[in-house]
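**Q** Provided herewith is a single structure, encoded as structure tokens, for subsequent inquiry.
Numbering (full-length UniProt numbering), first residue to last: 1 to 513.
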């Protein structure tokens, strides 16, 4: 009988990860590779592409995409280090360090978190004494995700800087592959007690795996089950960036190639529907490829002796008040705490700024409601995830005619919101999606006993009640996060221009990623 064929070279020395026995010892240390090991995909190209696009430009992202065949040739025919050097040069050369750090903080973690393998994460997370990720990717790219979501130290490729450390040159000091990974692990565990567990997925990981007490190979499987979001050590409630999907080469090519056509389509959708009477726009939306689903019973139109309603909605994109107007088939007024002259000039609906003076705002709100319906988004900023930020209580102090409205936006290619980008483009990016959509659910108006005036409830109680009602309808989670939390996370500021006497009650907000 013929002997079985030998195992493939490079994989005979280490058992597969499913052979790991987590019950041997409760406290262990671990060192693991990232791409292909902790992440299901072995390709880091999508993350470089995101940096090139979000911290650079469309032209830089296109250059990186065009270089993809050469990168693949270098990786297979020359070395992994050569491919990483070219990736870093095209992606980082000339970029500001602060811009790359902002992308690493606000854009990349969501995409990394969505690709974590369930099996290797279970092993890695079980090594609670100490976890170290050793990766060929630049440390500036992966550090935020690894520390916050995996609870690990990170050792990655270092990039050279210039101009006093404010810009990247595009050159790497040394690609962290092969023997260099082993040297880094030995330095991090300098006490002589090497990691209990080593995890890798390719031959260039064998050097550091060989010095671990146990080591396991992670078999390639792009379809491996992903770790549940709540099993990671943090959550991407807030994130930035225009691309909805992870930009694998095919998706990246589509996102860039479709961009000019999508912008022309957005212009047509915007300006064509501006010329249509409000009562008919819902139907022309369908003709131009915009899906709008309206559920529930809209409040009756205002008439003499019966003023309009205050429509209180969650905030998904800057288009929320416009979409509600389309769903109602009549004009509305949007109230906010700040409004620019440009927004006022180009908006198809009226936008009115409140002053935060209760008496003046109450009088203004009464006048606006006498004219028609008013829309307010008490979260104060958009949130992309299935979660509601804390509702400001100011709306509950101004009127008892409150109608909760639940909104959900469907965006398949581009996000119509941003924290660091050009906000005036937000509506256009939403309409650039091939098949954008909105779901609008009108809910019953608050009963008198649920309001401040009729029921004697506090404004905070009313705001929390409306938040819970909308969250239940959407299947979302209520949080105490605020606009300040979002902008501190994504942009490094509180997202507001403070006025004298403005109330700041954000200090007790719960912190999430």
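By construction, the Cβ of each residue, glycine as well, lies at the ideal position given by its N, Cα and C atoms.
So, for residue 471: in the same chain, excluding its five sequence neighbours on each side, which residues have a beta-carbon less than 6 Å away from its beta-carbon?
**A** So the qualifying residues of the chain are 388 and 478.
**Q** Consult DSSP for residue 13 and reduce its assignment to one of helix, strand or coil.
**A** The answer is coil: DSSP assigns residue 13 none of H, G, I, E or B.
**Q** Below 6 Å CB to CB, which residues in the same chain sit around residue 438 once its five sequence neighbours on both sides are set aside?
**A** The answer, listed in chain order, is 292, 323 and 409.
**Q** Could you check which residue in 202, 143, 64 and 79 has the C-alpha nearest to that of residue 100?
**A** Looking at the Cα atoms, 143 is the closest of the given residues.
**Q** Can you list, in chain order, the stretches of the beta strand (DSSP E) that have 3 or more residues and sit fully within the UniProt domain "Phospholipid/glycerol acyltransferase" (309-410)?
**A** The qualifying runs are 310-313, 333-336, 350-353, 374-376 and 402-410.
**Q** Assuming residue 138 is part of the beta strand (DSSP E), what are its boundary residues?
**A** First-last of the beta strand (DSSP E) with residue 138: 130-138.
**Q** To the nearest angstrom, report how far apart residue 509 and residue 390 are at their CA atoms.
**A** Per-residue confidence for residue 509 stands at a pLDDT of 30, beneath the threshold of 50, marking its modelled position as unreliable; no derived number is given.
**Q** How far does the beta strand (DSSP E) with residue 432 in it reach, from first residue to last?
**A** Looking at the DSSP string, residue 432 is not in any beta strand (DSSP E); the run it does join, the alpha helix (DSSP H), is 426-432.
**Q** According to DSSP, residue 211 sits in a beta bridge with which residue or residues?
**A** Looking at the DSSP assignment, residue 211 forms no beta bridge with any residue, so it has no partner.
**Q** Can you tell me which of the three DSSP states residue 76 falls into?
**A** Helix at residue 76.
**Q** Which value, in whole angstroms, describes the spacing of the CA atoms of residue 120 and residue 141?
**A** Those two C-alpha atoms are separated by around 21 Å.
**Q** Would you identify the three-state DSSP class for residue 196, choosing helix, strand or coil?
**A** Residue 196: coil per DSSP, three-state reduction.
**Q** Over the uninterrupted beta strand (DSSP E) stretch that includes residue 461, give me the two end residues.
**A** Careful: residue 461 lies outside any beta strand (DSSP E), inside the alpha helix (DSSP H) at 459-474.
**Q** For my contact list, residue 153 and residue 103 are in at a C-beta cut-off of 8 Å; report their separation, rounded to the angstrom.
**A** Incorrect: roughly 21 Å between the Cβ atoms, too far for contact.
**Q** Beta-carbon separation of residue 63 and residue 90 under 7 Å?
**A** Yes. Within cutoff.
**Q** Measure the C-alpha to C-alpha separation of residue 14 and residue 157 and round it to an integer number of angstroms.
**A** Taking the straight line joining both Cα atoms gives about 25 Å.
**Q** When burial is assigned at 16 or more other CB atoms within 10 Å of the CB, is residue 21 buried or exposed?
**A** Exposed, since its Cβ has fewer than 16 Cβ neighbours within 10 Å.
**Q** Start and end of the alpha helix (DSSP H) containing residue 29?
**A** That residue, residue 29, is in no alpha helix (DSSP H); its beta strand (DSSP E) goes 29-32.
**Q** What do you get for residue 199, buried or exposed, if any count of 16 or more other CB atoms within 10 angstroms of its CB means buried?
**A** Looking at its Cβ environment, which holds 16 or more other Cβ atoms inside 10 Å, residue 199 is buried.
**Q** Give the DSSP-derived three-state secondary structure of residue 415 in the structure shown.
**A** Residue 415 falls in the coil class under three-state DSSP.
**Q** Cα separation between residue 262 and residue 279?
**A** Each residue's alpha carbon lies about 26 Å from the other.
**Q** Please confirm if the stretch 247-256 is in contact with the stretch 415-424, defined as three or more CB-CB distances below 8 Å between the two stretches.
**A** Segments in contact, no.
**Q** Taking just the CA atoms, how far does residue 464 sit from residue 29?
**A** Each residue's Cα considered, the two are about 44 Å apart.
**Q** Going by the C-beta, is residue 394 closer than 6 Å to any heavy atom of the ligand SAH?
**A** Absent from the structure shown: the ligand SAH. Ligands present: none.
**Q** Taking residue 47 and residue 111 to be in contact with their CB atoms under 8 Å, please state how far apart those CB atoms are, rounded to whole angstroms.
**A** Correct: roughly 7 Å between the Cβ atoms.
**Q** Shortest alpha-carbon distance to residue 224 belongs to which of 317, 405 and 40?
**A** Closest by alpha carbon: 40.
**Q** Pairs of beta-carbons, one from the stretch 182-196 and one from the stretch 162-169, closer than 8 Å: are there three or more?
**A** Not touching, per the Cβ criterion.
**Q** Just how far apart, CA to CA, sit residue 43 and residue 252?
**A** Distance between the alpha carbons of residue 43 and residue 252 is about 14 Å.
**Q** Classify residue 181 as buried or exposed, calling it buried when 16 or more other Cβ atoms lie within 10 Å of its own Cβ.
**A** Looking at its Cβ environment, which holds 16 or more other Cβ atoms inside 10 Å, residue 181 is buried.
**Q** Which of helix, strand or coil does DSSP assign to residue 158?
**A** It is a strand residue.
**Q** For residue 276, which of helix, strand or coil comes out of DSSP?
**A** It is coil, neither helix nor strand.
**Q** Alpha helix (DSSP H) containing residue 20: first to last residue?
**A** Unbroken run through residue 20: none, as it is neither H nor E.
**Q** Less than 8 Å between the CB atoms is what I'm expecting for residue 36 and residue 202, so what's the real figure, rounded?
**A** Going by Cβ atoms, the distance from residue 36 to residue 202 rounds to 6 Å, so yes, they are a contact pair.
**Q** Less than 7 Å between the beta carbons of residue 109 and residue 236, yes or no?
**A** Contact flag set, yes.
**Q** Apart from the five residues on each side of it in sequence, which residues of its chain come closer than 6 Å, Cβ to Cβ, to residue 446?
**A** If we look at residue 446 and ignore the five residues flanking it on each side, its Cβ neighbours are 402.
**Q** Would you mind giving the Cβ-Cβ distance between residue 296 and residue 441, rounded to the nearest angstrom? I have them listed as a contact below 8 Å.
**A** Contact holds; Cβ gap of about 5 Å.
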